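Residue numbers for the sequence shown follow this note's numbering, so the first one is 29 and each next one is one higher.
Yeah, the Cβ is synthetic: ideal placement off N, Cα and C, and Gly gets one too.
Being a predicted model, the structure only gives us computed values, none of them experimental.
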Amino acid sequence: MLKLPQLLLSLTLLSACTGQTFGPRLAMTDTPGFQPLAPAKAHVSIQSAEPIQNELIVKYKAGFSTQSQRRHAQAVLLDNFQTADESTQLHRLNGQQSLDEALRFYETDPGVEFVMPNLQFEVQMTPADQDQSIFERIRQWFWRDHTAAVPELQPGARPAVQTDSSAPDPLRGQQWYLNQLQMAEVWQNYGVGQSGITVAVLDTGVDYDHPDLAGKVLKGPDYIDKNYDPKDLHGHGTHVAGVISAQLSNQEGISGMAPQVQILAIRVLDARGSGSLFNIAKGIAYAANQGAQVINLSLGSPPGGSIMRTMANFLASYTEKKGALIIAAAGNSAGAIGYPAAASRFMAVGAVNEQKYLATFSNRGPELDVVAPGVNILSTYPTYEVTTNALGLSQNYASLNGTSMATPMVSALAAMLWSQNPYLTPAEVRERIENTATDLGPIGRDDMFGQGLIHPLRALQDTDGD
């Protein structure tokens, strides 16, 4: 029997779904410094996962020999992807060996860099947004903003854009996070991003015909149905895409943070929000090969062991060489940060609410880089029926909670930075986002907020000096 205590054994769509879609939010308490009580919501969370029967992910070293391939001929090659001259393959065993035996067999081959089970994950709905204790509220009241406000910028030479929160996008007034992040000033002074910048969204797919996303979505592969029609049958991916790039001032719905950038939709999760580790890795490699500057992973797992660090470092090395930055959700279990966000070379994103308190569900730990708004986030939702409509989520637009919603805000900021200066490296983009964040909590970096709340205006102001 395979023992996997150190492997990640679950994958999460890191969001919590409200029963409300759009409209006035529930009234918040006016008591200074205290977290308002959260309405009851549902949290999309993986409770358990098992290895896919008889499937292994095998990463070969560069230039591995045909002898190595012949030794593994007893396994059927199901799928593979290339990273430079290296091959990562999905093998199905013929049933003559146990998974434990096969793992040991592959590990003895000098041509194999690493081998691990392919994992299957299942979503399960559980209650979320538990109220914080009074002690937690008081503690966070003393952990306040330690960074002075940025001086108001003088208008730049760019053409003026519509930034009135009441019109023409009718739901923009309900996007509180745009005000918190000063996006009207960002658009006015630094524009709305460039269409030559691409954010890959590895998720449940995207409703590419949504009127707020029309013309924004590049159709990547659908690794679930094995085609190039990454249609969203769940809703989560469409919501993530809208946060990044919903059209601005089109008199329709909401506004995205970087409304001119392109979305590369790659479907790695099915209508239940389930997917395999191999497909996620393959999607990351595809996005990097297609030239995406940013790879958004609003998905995750519990903390993993050394084998997961090996996989994450392999993917990070490849994407960095291709000039891409991976940004991942920290997780929604109010515990330790899982993979892929726990990988040191990925950006890990936590969530705060409108009062800049850490969201009750947001994971924390030394791997956390920054936080962004992640509570009651209004964004696009499929215009047709999807599985999560059964949760009370309507078509067109919906409000969700989670580090899944915070992550695309950081991805949008990264895209804006590359729009401002396409010659930045992934490390420089990450550094600018972290170094210009608003410090929350104890002075300096901490495990609750990382470097702090992202500050797009300050980050772009810093880039403007290059």
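Reducing DSSP to helix, strand and coil, say where residue i ends up.
i: D474; result: strand
i: R337; result: helix
i: A370; result: coil
i: M153; result: A caution first: M153 carries a pLDDT of 27, below 50, which makes its placement in the model unreliable, though a value can still be read off. Residue state, collapsed to three classes: strand.
i: H71; result: Reliability fails at H71, whose pLDDT of 32 lies under 50, so the model's placement of it is uncertain and the value that follows must be treated cautiously. Three-state DSSP puts H71 in a strand.
i: K254; result: coil
i: S161; result: Because the pLDDT at S161 is just 38, under 50, the model does not fix this residue reliably, and the point stays unresolved.
i: H483; result: coil
i: E382; result: coil
i: L488; result: helix
i: E413; result: coil
i: Y451; result: coil
i: K87; result: strand
i: L147; result: strand
i: F92; result: coil
i: L343; result: helix
i: L419; result: helix
i: M29; result: Summary for M29: the model assigns pLDDT 34, below 50, so the residue's position carries little reliability, and this model does not support an answer.
When you compare the CB positions of residue i and residue j, do they come within less than 9 Å of one another, or not?
i: W446; j: V457; result: yes
i: E382; j: Y205; result: yes
i: V322; j: A352; result: yes
i: L261; j: P79; result: no
i: E395; j: A358; result: yes
i: S326; j: G248; result: no
i: L118; j: D107; result: yes
i: G243; j: S407; result: no
i: I365; j: R337; result: no
i: N146; j: L386; result: no
i: V377; j: Q479; result: no
i: S115; j: F92; result: yes
i: I355; j: R373; result: no
i: G281; j: D240; result: yes
i: Q203; j: H483; result: no
i: M444; j: H267; result: no
i: A320; j: A340; result: no
i: Q279; j: P198; result: yes
i: I272; j: V214; result: no
i: L421; j: G263; result: yes
i: M144; j: I335; result: yes
i: S329; j: A362; result: no
i: L468; j: L481; result: yes
i: K259; j: R295; result: yes
i: I85; j: A309; result: yes
i: P450; j: V229; result: no
i: D231; j: L131; result: no
i: F342; j: F142; result: yes
i: G224; j: A440; result: no
Just to confirm the assignment, what range does the beta strand (DSSP E) spanning residue i have?
i: L106; result: 104 to 111
i: A357; result: 353 to 357
i: L118; result: 114 to 120
Mind checking which residues open and close the alpha helix (DSSP H) that includes residue i?
i: A455; result: 454 to 463
i: P436; result: 431 to 448
i: R392; result: Segment: none, R392 is in no alpha helix (DSSP H) and carries neither H nor E.
i: A400; result: No alpha helix (DSSP H) holds A400; the beta strand (DSSP E) holding it covers 398 to 401.
i: A130; result: 127 to 135
Beta carbon of residue i: closer than 8 Å to some heavy atom of the ligand NAD?
i: G378; result: With respect to small molecules bound, the structure shown includes none, and the ligand NAD cannot be examined in it.
Give a yes or no on contact between the stretch 210 to 223 and the stretch 479 to 493, applying the rule of three or more CB pairs nearer than 8 Å. yes
Going residue by residue through the stretch 281 to 337, where are the continuous alpha helix (DSSP H) segments of at least 4 residues, counting only ones entirely within it? 305 to 317
List in chain order: all unbroken beta strand (DSSP E) runs of 3+ residues lying wholly within the stretch 197 to 274. 226 to 231, 245 to 250
I want to know whether the stretch 303 to 317 touches the stretch 391 to 405 - three or more CB-CB distances under 8 Å. no
With a threshold of 8 Å, are at least 3 pairs of Cβ atoms found where one atom belongs to the stretch 278 to 291 and the other to the stretch 226 to 244? Flag = yes, the stretch 278 to 291 and the stretch 226 to 244 touch.
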